[in-house]
Amino acid sequence: MAEKIGKEKISREDGYLYFLGKDGFVWKTPMKTNARGRKAKVGTEKVMREEGFLYYIDKNGYVARAKMNRRGRR
Numbered sequence: 000m001a002e003k004i005g006k007e008k009i010s011r012e013d014g015y016l017y018f019l020g021k022d023g024f025v026w027k028t029p030m031k032t033n034a035r036g037r038k039a040k041v042g043t044e045k046v047m048r049e050e051g052f053l054y055y056i057d058k059n060g061y062v063a064r065a066k067m068n069r070r071g072r073r
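Numbered continuously in numbering that gives the first Met the number 0, the sequence shown closes out at residue 73.
Shown next as structure tokens:
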């Protein structure tokens, strides 16, 4: 199961995709249907990544992580 990592709640807008960037901050980028949107940093909280975990924004708006299932690979 997933565990909540972040303490900052991200409010979402329609037409954007939210993800955790390589720099550790939450970013938003416009979807294909949103022609006028621009890529921007959303959160101020920096998350340190660990290997073997998938990081995402959960339905409540917090950064969460889940252990990746690699089926025997490292």
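Ideal placement from N, C-alpha and C gives every residue a C-beta, glycine not left out.
Tell me which same chain residues have a C-beta within less than 6 Å of the C-beta of residue i, skipping the five on either side of it?
i, result
"Ala65", "Ala1 and Leu53"
Examine the ligand SAH and report whether any of its heavy atoms sits within less than 7 Å of the Cβ of residue i.
i, result
"Arg37", "Of the ligands one can find in the structure shown there are none, so the ligand SAH has no counterpart to examine."
If I'm right that residue i touches residue j with Cβ under 8 Å, what's the distance once you round it to whole angstroms?
i, j, result
"Ile4", "Ile56", "Ile4 to Ile56, Cβ: 11 Å. No contact."
"Gly42", "Pro29", "With a Cβ gap of about 17 Å, Gly42 and Pro29 do not count as contacting."
Spatial neighbours of residue i within its chain, please: CB distance less than 7 Å, with the 5 preceding and 5 following residues excluded, ordered by chain position.
i, result
"Lys31", "none"
"Lys6", "Glu44"
From residue i to residue j, what distance separates their C-alpha atoms?
i, j, result
"Glu44", "Lys21", "13 Å"
"Glu49", "Arg69", "15 Å"
"Phe18", "Ala39", "11 Å"
"Arg35", "Gly60", "23 Å"
"Phe24", "Glu12", "17 Å"
Between which two residues does the beta strand (DSSP E) containing residue i stretch?
i, result
"Ala63", "Val62 to Lys66"
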